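To keep things clear, I will list the structure first and then write my remarks on it.
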């Protein structure tokens, strides 16, 4: 009787193990590919809009006024290397041109898991108005000379060596901006739960509002006229006050400093 029970138990375990092995998903492996391209920018184009829901966006200043060269850093997860190229080809850089604007976006198949990722690294001609839509993993810019409008959801926003007006909005990401604000230009930053740090030249000009609800506000290395300061808000002016500096976070800390 015991021997019969033992045989039945072994048979049951064999069936369970066999079923488990047959239903387990095959492991996926990660593969990467870089794709280079260039986008023609006619002289009548005044605005460039960008969106990338599966990765980061990097924007770099460029002296080429008629072209925007770019690199797509693609990543896919597949069972074996022979399947990678088919999946790479499903990540597409699409754009459409209207009378005075270009709209760019990265498209990929809609999947539950993050089997498709792609960062967009693009060189931006000077003088165009740039709008980055919030569907992205984060945004970083370097030495742009443009009016810049950025939205991110959970990603960070980093603006380095910028010449032009800036407006940056995040939900949970931090905002770090170094900007030379033009005459009568602006630097506006708003975050729900991220910290905000903005650096401007000591000789900058603008009216200042720095606000937070649950964080801290501070400034350094700047001579602010008509200063009114509380634990949650700082107002005043620097220079002639011809520009605008408005920085606000609900739950984060906000810092304005001169360099």
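Residue numbers (my numbering): 412 to 670.
Just so it is clear, CB atoms sit at the ideal spot from N, CA and C, and this is done for glycine as well.
Owing to the predicted nature of the structure, the values given are computational and were not obtained by experimental measurement.
In the DSSP assignment, residue 497 falls within the alpha helix (DSSP H) that extends over 495-499. Annotated three-state conformation of residue 492 is helix, per DSSP. Where residue 660 is concerned, the enclosing beta strand (DSSP E) starts and stops at 655-660.
Just so you know, the alpha carbons of residue 578 and residue 451 end up roughly 26 Å apart. Collapsing the DSSP output to three states places residue 502 in coil. In the pairwise beta carbon analysis, the stretch 566-580 is classified as not touching the stretch 480-494: fewer than three pairs are separated by under 8 Å. Annotation: residue 557 to residue 473 spans about 11 Å, alpha carbon to alpha carbon.
Here the stretch 559-573 does not lie against the stretch 497-514, with fewer than 3 beta-carbon pairs under 8 Å apart. Secondary structure of residue 610 (DSSP, three-state): strand. Burial state of residue 627 is exposed, judged by a 10 Å Cβ sphere holding fewer than 16 other Cβ atoms. Membership of residue 559 in the beta strand (DSSP E) is indicated by the continuous run 559-562. The DSSP-derived three-state label of residue 539 is coil. In this structure, the straight-line span from the alpha carbon of residue 605 to that of residue 625 is close to 11 Å. When secondary structure is reduced to three states using DSSP, residue 465 falls in the coil class, being assigned neither helix nor strand. Distance from the CA of residue 640 to the CA of residue 544, rounded to the nearest whole angstrom, comes to 34 Å. Non-local beta-carbon contacts of residue 596 in its own chain, meaning distances under 6 Å to residues more than five positions away in sequence, involve 576, 654 in chain order.
Within the DSSP bridge table, the entry for residue 518 names 503 as partners. Judged by their CB atoms, residue 461 and residue 542 are nearer to each other than the 9 Å cut-off. In this structure, the alpha-carbon of residue 599 lies about 22 Å from that of residue 536.
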